[in-house]
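Peer 1: These protein sequence lines are chains U and Z, in that order. Counting in our numbering, the first sequence runs from 15 upward without gaps. Counting in our numbering, the second sequence runs from 15 upward without gaps. The beta-carbon is built from N, C-alpha and C at its ideal position, and this holds for glycine as well.
Protein chains: 2
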Amino acid sequence: MSAPQSATAPPAGTGNPIQAMLEAPLSLRERKKLKTRQTIRREAYRLIAEQGYENTTVDQIAAAAEVSPSTFFRYFATKEDLVLTDEYDPAMIDALLARPADEPFLRSCREALIGLLRQLLEHEREELLVRMRLTKDVPALRARMIDSGNESQQLYLTALTRRAGVREPTYAMRIIAAAIGGATTETVLQWAEGGGTEDIVELVHRTFAILEDGFSEA
Amino acid sequence: MSAPQSATAPPAGTGNPIQAMLEAPLSLRERKKLKTRQTIRREAYRLIAEQGYENTTVDQIAAAAEVSPSTFFRYFATKEDLVLTDEYDPAMIDALLARPADEPFLRSCREALIGLLRQLLEHEREELLVRMRLTKDVPALRARMIDSGNESQQLYLTALTRRAGVREPTYAMRIIAAAIGGATTETVLQWAEGGGTEDIVELVHRTFAILEDGFSEA
DNA sequence: CTGTCAAATGACAGTAACTCCCAGAATATG
DNA sequence: CATATTCTGGGAGTTACTGTCATTTGACAG
Chain U
15 MSAPQSATAP
25 PAGTGNPIQA
35 MLEAPLSLRE
45 RKKLKTRQTI
55 RREAYRLIAE
65 QGYENTTVDQ
75 IAAAAEVSPS
85 TFFRYFATKE
95 DLVLTDEYDP
105 AMIDALLARP
115 ADEPFLRSCR
125 EALIGLLRQL
135 LEHEREELLV
145 RMRLTKDVPA
155 LRARMIDSGN
165 ESQQLYLTAL
175 TRRAGVREPT
185 YAMRIIAAAI
195 GGATTETVLQ
205 WAEGGGTEDI
215 VELVHRTFAI
225 LEDGFSEA
Chain Z
15 MSAPQSATAP
25 PAGTGNPIQA
35 MLEAPLSLRE
45 RKKLKTRQTI
55 RREAYRLIAE
65 QGYENTTVDQ
75 IAAAAEVSPS
85 TFFRYFATKE
95 DLVLTDEYDP
105 AMIDALLARP
115 ADEPFLRSCR
125 EALIGLLRQL
135 LEHEREELLV
145 RMRLTKDVPA
155 LRARMIDSGN
165 ESQQLYLTAL
175 TRRAGVREPT
185 YAMRIIAAAI
195 GGATTETVLQ
205 WAEGGGTEDI
215 VELVHRTFAI
225 LEDGFSEA
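1) Valine 97 of chain U and threonine 149 of chain U - do their beta-carbons sit closer together than 8 Å?
2) Leaving out five residues on either side along the sequence, give the residues of the same chain with a beta carbon under 6 Å from the beta carbon of leucine 134 of chain Z.
3) Thinking C-alpha only, which one of U:Ile107, U:Gln204, U:Ile54 is nearest serine 166 of chain U?
4) Between threonine 221 of chain U and the rest of its own chain, which residues show a CB-CB distance below 6 Å, the 5 nearest in sequence each way excluded?
5) Please work out which residues of its chain come closer than 7 Å, Cβ to Cβ, to arginine 147 of chain U, disregarding the five sequence neighbours upstream and downstream, and give them in chain order.
6) Determine, using beta carbons only, whether alanine 113 of chain U and alanine 126 of chain U come nearer to each other than 8 Å.
7) Closer than 8 Å between beta carbons: that is the criterion. Which residues of the stretch 218-232 of chain Z meet it against chain U?
8) Going by alpha carbons, who is nearest to glycine 195 of chain U out of U:Ala79, U:Glu117, U:Ala77, U:Ala173?
9) With burial defined as no fewer than 16 other Cβ atoms inside 10 Å of the residue's Cβ, what is the status of serine 122 of chain Z: buried or exposed?
10) Does DSSP put valine 152 of chain U in a helix, a strand or coil?
11) If the cut-off is 8 Å on Cβ atoms, which residues from the stretch 196-210 of chain U count as contacting chain Z, listed in chain order?
12) Is the CB-CB distance between tyrosine 67 of chain U and valine 144 of chain U below 8 Å?
13) Runs of 4 residues minimum, wholly inside the stretch 34-67 of chain Z: which ones carry the alpha helix (DSSP H) assignment?
14) Could you compute how far the alpha carbon of leucine 225 of chain U sits from the alpha carbon of arginine 156 of chain U?
15) Going by DSSP, what residue range makes up the alpha helix (DSSP H) through serine 166 of chain Z?
16) Tell me whether glutamine 52 of chain Z is buried or exposed, calling it buried when 16 or more other Cβ atoms sit within 10 Å of its Cβ.
17) Quick one: residues in its chain with C-beta nearer than 6 Å to the C-beta of glycine 163 of chain Z, no 5 flanking neighbours on either side, listed in chain order?
18) Can you list the residues of chain U that tyrosine 185 of chain Z reaches, using a CB-CB cut of under 7 Å?
19) Does valine 4 of chain Z come out as helix, strand or coil in the three-state DSSP assignment?
20) Would you say glutamate 101 of chain U touches the ligand PLP, meaning its beta carbon is less than 7 Å from a heavy atom?
21) How close, in whole Å, do the beta carbons of phenylalanine 229 of chain Z and isoleucine 190 of chain U come, if the pair is a contact with beta carbons under 8 Å?
22) Could you list which residues in chain U have their beta carbon closer than 7 Å to that of leucine 130 of chain Z, in chain order?
23) Output needed in chain order: residues of the stretch 121-147 of chain U with a Cβ under 7 Å from some Cβ in chain Z.
24) Excluding the five sequence neighbours on either side, which residues of its own chain have a C-beta within less than 6 Å of the C-beta of histidine 137 of chain U, listed in chain order?
25) Roughly how many whole angstroms lie between the Cα atoms of glycine 208 of chain U and arginine 56 of chain Z?
26) If the cut is a Cβ gap below 9 Å, which residues of chain U does phenylalanine 86 of chain Z touch?
27) Alpha helix (DSSP H) containing serine 84 of chain U: first to last residue?
28) Using a Cβ cut-off of 9 Å, pull out every chain Z residue sitting near glutamine 65 of chain U, in sequence order please.
29) Return the CA-CA distance between arginine 258 of chain Z and threonine 199 of chain U, expressed in angstroms with no decimal places.
30) Using a C-beta cutoff of 8 Å, does alanine 157 of chain Z count as contacting chain U?
31) Could you work out which residue in Z:Leu110, Z:Gly210, Z:Ala115 is closest to leucine 130 of chain Z when comparing CA atoms only?
32) Any residues in the stretch 110-121 of chain U with a beta carbon nearer than 8 Å to a beta carbon of chain Z? Which ones, in chain order?
33) Of all the alpha helix (DSSP H) runs that stay within the bounds of the stretch 66-140 of chain Z, which reach a length of 4 or more residues?
34) Tell me the residue span of the alpha helix (DSSP H) that contains arginine 220 of chain Z.
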């Protein structure tokens with residue numbers, strides 16, 4: 015292992031919430047942890063690409079990353095978390111709340127989503143695609159992905175509630191959040207199924223157009 | 015176990031898809047299987063009510079139902095299936111396709127859903143409530159419930175596709191199915207959360223009203 | 001550089017959901 | 001009654017995950 019090049023701070027960030035974490039001055043310990051995490055994930059993706067998700071065991075991944083199985087679970091609570099852990103949710107809420115309060119909610123959602131996707135595409139397009147494709151194909155992952163816990167639905171609901179300045183969401187808010195959540199999740203999955211060749215911004219526009227006109231197309 | 019009353023056909027059905035299964039002439043073997051299945055499920059629900067879902071093991075359930083663990087898995091592929099297996103999906107598709115083809119799709123969905131719910135409420139209101147409450151509370155269940163595999167989304171998509179008389183669903187169909195699926199799932203869960211005290215038909219009407227007017231309420 | 005404390009790791013044992021296989025029992029069939 | 005088919009129980013094995021404890025590693029003070 016090479017020696018650390020002193021503990022001075024790296025260059026300042028760009029405001030990208032994902033990069034921000036990488037730019038903070040990290041202690042040796044933190045750097046090691048980050049490195050371990052990345053190694054585990056990288057090796058996992060490699061093995062999964064070779065053998066498939068179900069055929070790849072945690073033990074194999076741990077061995078490939080040269081950590082003990084115990085350590086694996088200290089970094090990822092479950093095997094599914096390897097693929098599903100999402101660092102963007104807070105960013106999405108911020109983006110939503112940053113929109114003007116008098117803008118129609120559907121438009122706020124559309125613009126926030128597009129903004130976030132643009133950032134993601136720029137920095138981790140490939141990883142995003144792999145993850146989405148796995149999410150679509152592996153039942154266990156698909157199930158947990160759509161679970162309201164870490165899912166868009168909860169996120170839209172939070173934004174709606176805060177924007178209205180109330181504590182408890184109304185019935186209408188819940189339904190709206192559920193519908194938009196379902197539609198946007200499906201949008202991203204569709205993009206992944208097409209191999210990422212389609213323009214996702216264009217897809218998002220189509221999705222929200224459908225929602226806005228009350229499904230009159232069907 | 016009481017003797018079968020000869021192998022002649024029982025009285026004709028009422029059109030209820032659930033009763034229909036119970037009315038078919040069953041061989042001894044079939045009747046035993048059905049009974050075993052019911053026993054397992056009943057004992058499982060009892061234990062889960064006492065101890066919670068996670069604290070109840072398959073071995074306990076098997077013991078209570080007086081079958082071997084092997085047999086349990088022959089009847090329910092996974093522990094989750096105990097709660098999640100749905101016999102109504104085909105009925106829902108039929109109900110959807112039975113609506114006039116020129117009716118707006120949203121209205122078809124609403125009416126089909128209401129019709130199905132009315133039947134369910136009449137015959138198994140309590141079981142439905144318990145299941146929905148579990149589905150809302152246990153993360154693993156909530157996740158799989160919302161999974162497109164056995165979920166309304168897939169079901170709406172099928173109906174939309176067949177009605178349009180095409181093979182492959184269009185992009186718009188997928189988005190519409192996802193949105194309606196999300197909204198209706200949330201509707202039923204909300205009903206369950208309220209303990210079933212609210213009028214679910216009324217909730218369904220509210221949900222579809224929101225969808226129809228393009229979320230202008232938010 | 002040294003000693004001390006907290007955090008990270010690895011080894012181990014254990015649990016629970018599931019799978020596979022095989023022998024024997026129950027049911028269907030002629 | 002005889003035979004074929006299906007169902008069941010038992011046992012052995014795999015895998016994801018949990019908890020505990022001793023050892024190691026990095027952080028920090030003097």
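Peer 2: So, to answer that:
1) yes
2) Leu142
3) U:Ile107
4) Ala197, Thr201
5) Ala206
6) This sequence places arginine at residue 113 of chain U; alanine is not what is there. Yes, they are a contact pair.
7) Arg220, Thr221, Ile224, Leu225, Glu226, Asp227, Gly228, Phe229, Ser230, Glu231, Ala232
8) U:Ala173
9) buried
10) coil
11) Gly196, Ala197, Thr199, Glu200, Thr201, Gln204
12) no
13) 42-65
14) 23 Å
15) 166-178
16) exposed
17) Note that glycine 163 of chain Z has pLDDT 49, beneath the 50 cutoff, so the model's placement of it is unreliable and the number below is only indicative. Hits under 6 Å: none found.
18) Gln204, Arg220
19) Absent from the model: residue 4 of chain Z. The displayed extent of chain Z is 15 to 232, so no value can be given.
20) Only the bare structure without any ligand can be found here, which leaves the ligand PLP out of the picture.
21) 5 Å
22) By Cβ distance, chain U contributes nothing, its closest Cβ being about 19 Å from leucine 130 of chain Z, past 7 Å.
23) none
24) none
25) 44 Å
26) Ordered by position in chain U, no residue passes the 9 Å Cβ test against phenylalanine 86 of chain Z, which lies about 20 Å from the chain.
27) 83-89
28) Under the 9 Å cutoff, chain Z gives no residues; its nearest Cβ is about 23 Å from glutamine 65 of chain U.
29) No information on residue 258 of chain Z is available, as it lies outside the stretch 15 to 232 that chain Z covers here.
30) yes
31) Z:Leu110
32) Pro118, Phe119, Leu120
33) 72-79, 83-89, 95-98, 103-112
34) 214-226
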